[in-house]
Amino acid sequence: LCNKNSCPIMASKVTEKNRAIILQSLRYGDNSMIVKILTENSGLQSYIVKGILNKKSKIRPALFQNMTLVDIVATSGNTGLGFINEVSLSYFYKSIPENIKKTTIAIFINELIIKSITETETDEYLFQYIYDSMIWLDNATDNYSDFPLFFAMKLCSHLGFAPNIDTYQDGRCFDILDGNFKDFYNGVHVIDSKLSHYFYKICTTKIEDRAIHIDNETRHNLLKHIILYYKLHIDGVKELSSQSILHEILS
3 LCNKNSCPIM ASKVTEKNRA IILQSLRYGD NSMIVKILTE NSGLQSYIVK GILNKKSKIR
63 PALFQNMTLV DIVATSGNTG LGFINEVSLS YFYKSIPENI KKTTIAIFIN ELIIKSITET
123 ETDEYLFQYI YDSMIWLDNA TDNYSDFPLF FAMKLCSHLG FAPNIDTYQD GRCFDILDGN
183 FKDFYNGVHV IDSKLSHYFY KICTTKIEDR AIHIDNETRH NLLKHIILYY KLHIDGVKEL
243 SSQSILHEIL S
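Here is the structure:
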């Protein structure tokens with residue numbers, strides 16, 4: 003997101019329709035907003051939504067809550083910020099806003115995405131993965147406490163630093179630093195063999211299969227090590243403020 007005084011003037015304007023996921027928004031001037039959005043066809047983008055905080059605006063500010071799935075019509079150029087002209091819901095969440103566990107998971111996912119995805123290049127597979135994951139979470143009726151673990155490990159695959167699961171053998175330990183399973187445990191950025199077994203299962207099992215039964219303590223330890231894995235492989239991931247809240251809610 004840029005600030006009010008550092009937004010270059012656009013050139014070569016192009017208007018297009020896009021599916022999009024709202025990631026972040028902030029007030030801009032008296033009645034406008036700047037929003038950071040992951041789009042299907044244009045990757046990570048920031049747009050100005052003019053006059054949205056004006057009472058007469060035809061666009062509702064509620065459409066720009068984090069992780070909302072929308073369709074947008076936006077005008078953009080070769081430089082500077084684009085402008086959102088139209089926005090509508092692409093998918094209406096039925097349970098996430100009313101379910102504290104799901105809301106907390108969505109907050110965690112939102113923070114992880116914001117700190118992990120910094121490139122603006124288009125990645126339709128990444129977009130579709132996040133889009134479908136949010137719909138899955140909304141429709142899930144049970145056994146979704148482990149969803150943050152599954153989501154995070156699949157996301158790192160899309161971002162290019164997936165663990166080397168081919169090195170797994172029963173009894174081996176996962177080295178968080180180099181992404182391989184190894185025969186030794188030296189205690190430095192290495193997960194013990196028992197937890198490594200669950201880590202491997204998370205990496206290789208589809209969330210919809212729900213074939214893994216993880217207790218609260220194991221879930222907490224897995225989440226802690228998965229976030230450490232992100233910290234060691236992505237510069238933008240330092241601390242996740244939602245981690246402690248997620249732990250409390252899912253315990």
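Per the numbering used here, the sequence shown starts with residue 3, numbered consecutively.
From the three backbone atoms N, C-alpha and C, an ideal C-beta is built for every residue, glycine too.
Model, not experiment: these values are computed from the prediction.
Task: Residues bridged to VAL89 [DSSP beta-bridge criterion] - done: According to the DSSP secondary-structure assignment, VAL89 is paired through a beta bridge with ILE74.
Task: Separation of GLN26 from LEU55, as counted between CA atoms - done: If I take the Cα positions, the gap works out to 16 Å.
Open item on the list: Out of ILE251, ILE86, ASN182, which one is the CA nearest neighbour of ARG221?
Closed with: Nearest of ILE251, ILE86, ASN182 to ARG221, Cα basis: ILE251.
Task: Distance between THR122 and ILE103 (C-alpha atoms, nearest Å) - done: The displayed chain sequence assigns Lys, not Ile, to residue 103. Each residue's alpha carbon lies about 31 Å from the other.
Open item on the list: For VAL89, tell me which candidate among ILE178, THR105, ASN101, THR41 has the shortest Cα-Cα distance.
Closed with: Selected option, being the one with the closest Cα: THR41.
- [ ] Look at the Cβ atom of LEU260, then the Cβ atom of LEU151, and state whether they are nearer than 9 Å.
- [x] Because the chain here runs from 3 to 253, residue 260 falls outside it and cannot be looked at.
TODO: Compute the Euclidean distance between the alpha carbons of LEU197 and LYS15, then round it to the nearest angstrom.
DONE: C-alpha separation (whole angstroms): 52 Å.
Task: Proximity below 9 Å, CB of ILE98 to CB of ILE115 - done: Not closer than 9 Å, so no.
Open item on the list: On a Cα-Cα basis, can you pick out the residue from HIS235, HIS215, ASN43, CYS205 that is closest to LYS19?
Closed with: With distances taken between CA atoms, LYS19 lies nearest to ASN43 out of HIS235, HIS215, ASN43, CYS205.
Task: Proximity winner among ALA164, ILE119, GLU210, relative to ALA142 (alpha-carbon distances) - done: Comparing Cα-Cα distances from ALA142 to each of ALA164, ILE119, GLU210, the minimum goes to GLU210.
TODO: On a CA-only basis, which of PHE186, GLY84, ILE137, GLY31 is nearest SER92? Give me that one, please.
DONE: The candidate whose alpha carbon is nearest that of SER92 is ILE137.
Task: 8 Å CB neighbourhood of LEU65 in its chain, flanking five on each side removed - done: Result list for LEU65: ILE24, VAL72, VAL89, SER90, LEU91, in chain order.
Open item on the list: Taking a contact to mean a Cβ-Cβ separation below 9 Å, would you say ASN188 touches ASN166 in this structure?
Closed with: Not a contact, by the Cβ cut-off of 9 Å.
Task: Spatial distance of TYR30 from PHE176 (CA atoms) - done: One alpha carbon belongs to TYR30, the other to PHE176, and they sit about 46 Å apart.
- [ ] Using only alpha-carbon positions, find the residue among TYR95, ALA76, ARG62 that is nearest to ILE50.
- [x] Checked all of TYR95, ALA76, ARG62; the closest Cα to ILE50 is ALA76.
Task: Length of the line joining the Cα atoms of TYR82 and ASN218 - done: The residue asked about is misnamed: residue 82 is Gly in this sequence, not Tyr. GLY82 and ASN218 have their C-alpha atoms some 46 Å from each other.
- [ ] Could you name the residues that DSSP lists as bridge partners for GLN47?
- [x] ILE39, per the DSSP bridge assignment.
Task: 7 Å CB neighbourhood of ASP194 in its chain, flanking five on each side removed - done: Within the same chain, and ignoring the five residues on either side of ASP194 in sequence, the residues whose Cβ sits closer than 7 Å to its Cβ are CYS175, TYR187.
Task: According to DSSP, residues forming a beta bridge with VAL16 - done: Looking at the DSSP output, VAL16 sits in a beta bridge with SER78.
Task: Residue of ILE111, TYR95, LEU139, SER34 minimising C-alpha distance to ASN87 - done: Of all alpha-carbon atoms in ILE111, TYR95, LEU139, SER34, the one lying nearest the alpha-carbon of ASN87 is that of SER34.
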